[in-house]
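Q: Questions regarding the structure given below will be posed in turn.
Number of protein chains: 2
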Amino acid sequence: MTSDILSKESVDSYFEAWKTNDKDLFLSVFSDDAIWEDPIGSPPHSGKAQIEEFWDQAHSDPNGTLNPKIHRSVFIGNEAMVSFTMEVRGQSGGMDLEVTDFFKVNSNGKIILARAFWDASCITPVL
Amino acid sequence: MTSDILSKESVDSYFEAWKTNDKDLFLSVFSDDAIWEDPIGSPPHSGKAQIEEFWDQAHSDPNGTLNPKIHRSVFIGNEAMVSFTMEVRGQSGGMDLEVTDFFKVNSNGKIILARAFWDASCITPVL
């Protein structure tokens, strides 16, 4: 077993950033060359500029909220797995999205890889 | 999005093998050079011989049962994510183990990588 856990601080901050809509905090947890696949199977977002674009796109509805409710977190060495429900809400309803996220951090604890597993079966519309 | 799902047949058989205690079926879903990390952070089992050893070790209690109850499966291309409770039971009790498994298959659909995310926080003793 790996005794040093490198992944917890950045991954905790990642979810805190979603909860509090804090873009600066969000961008601070990634390495410059990070890759983010969300969902897996779609074109990955490579580097901070593309990651910022994805964040902006997710927050394009000024009346929308994105609230992750964490169900389980496992932190091992430089990796982490977090399962959560992303509560996506807008003016005219929204959806609950069941996501399982895998994270890998570098030796500075910055996220270098984030991979979100979800597909259509993970979506529940909320009216 | 990837339209061809390569991972489903082998991963479904993987869980069927645990449920029915079918070692031959179990070994048939892996490629010869497969790597299995269970849990992540422990030394990986490399190749079929080591994978067989791990299966035998898990089944060393003749009165024991290992029953996976699947909560969620996501199959995308040559990858899959399955979260489940492994109900481990023996003569004197057992435990429920909450596992999130990540799988990757090769072009023949055989599992080349299986990575099980769990730690002490995922264990509930059953008396």
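Residue numbers (numbering that gives the first Met the number 0), protein chains in the order written: chain A, 0 to 126; chain B, 0 to 126.
Virtual Cβ for every residue (Gly too), placed ideally from N, Cα, C.
1) So, is I39 (chain A) buried or exposed, given that buried needs 16 or more other C-beta atoms within 10 angstroms?
2) Should G93 (chain A) go down as buried or exposed, given a rule of 16 or more other Cβ atoms within 10 Å for buried?
3) Give the list of continuous beta strand (DSSP E) stretches no shorter than 3 residues that lie fully inside the segment 55-112 of chain B.
4) Could you tell me which chain B residues have their CB closer than 7 Å to the CB of S80 (chain A), listed as they occur along the chain?
5) Who are the Cβ neighbours of Q90 (chain B) in its own chain at under 6 Å, not counting the five residues just before and after it?
6) Could you tell me which chain A residues have their CB closer than 8 Å to the CB of I75 (chain B), listed as they occur along the chain?
7) Name the residues in the segment 46-75 of chain B whose C-beta lies less than 7 Å from a C-beta of chain A; which are they?
8) Whole angstroms are fine: how far does the CA of S41 (chain A) sit from the CA of I122 (chain A)?
9) Between which residues of its own chain and F101 (chain A) is the CB-CB distance below 6 Å, once the five residues before and five after are set aside?
10) Once the 5 residues before and after A16 (chain A) are set aside, which same chain residues still bring their CB inside 6 Å of it?
11) Report yes or no: do three or more beta-carbon pairs, one from the segment 69-78 of chain B and one from the segment 43-58 of chain B, lie closer than 8 Å?
12) Below 8 Å on the Cβ atoms is my contact criterion, and I expect A33 (chain A) with L112 (chain A) to pass it. Report the Cβ-Cβ distance as a whole number of Å.
13) Can you check which of these residues, A:P124, A:S82, A:E86, is closest to N66 (chain A) by C-alpha distance?
14) So, under 8 Å CB-CB, K68 (chain A) and F83 (chain A) are touching, yes? Tell me the CB distance rounded to an integer number of Å.
15) Alpha carbon to alpha carbon, how far is L126 (chain A) from T99 (chain B)? Give it in angstroms, no decimals.
16) Could you tell me the alpha carbon to alpha carbon distance between D156 (chain B) and S120 (chain A), rounded to whole angstroms?
17) First and last residue of the beta strand (DSSP E) that includes F32 (chain B)?
A: Let's see:
1) With 16 or more other Cβ atoms within 10 Å, it is buried.
2) It counts as buried.
3) As summarised for the segment 55-112 of chain B, the continuous beta strand (DSSP E) elements at least 3 residues long and confined to that stretch are 64-75, 78-89, 92-104, given in chain order.
4) With the sequence shown as reference, residue 80 (chain A) is identified as Met, and Ser is not the correct amino acid for it. The answer, in chain order, is T99, F116.
5) Only N62 meet the Cβ criterion.
6) Residues of chain A passing the Cβ test: P38, I39, G40, F116, D118.
7) Correct list: R71, V73, I75.
8) Cα to Cα, I122 (chain A) sits roughly 17 Å from S41 (chain A).
9) Excluding sequence positions up to five before and after F101 (chain A), its CB lies within less than 6 Å of the CB of M80, R114, all in the same chain and listed in chain order.
10) Closer than 6 Å at the Cβ level, and outside the excluded window around A16 (chain A), lie L24, F25.
11) Touching, no, given that fewer than three Cβ pairs across the two stretches are closer than 8 Å.
12) Approximately 7 Å separates the beta-carbon atoms of A33 (chain A) and L112 (chain A); this is inside 8 Å, confirming the contact.
13) Ranking A:P124, A:S82, A:E86 by Cα distance to N66 (chain A) puts A:E86 first.
14) At roughly 6 Å, the Cβ-Cβ gap stays under 8 Å, so K68 (chain A) and F83 (chain A) are in contact.
15) Rounded to the nearest angstrom, the two C-alpha atoms are 30 Å apart.
16) Any answer about residue 156 (chain B) is impossible in this case: the structure gives chain B only from 0 up to 126.
17) First, the residue type needs correcting, since residue 32 (chain B) is Asp and not Phe in the sequence shown. Here the beta strand (DSSP E) through D32 (chain B) covers 29-36.
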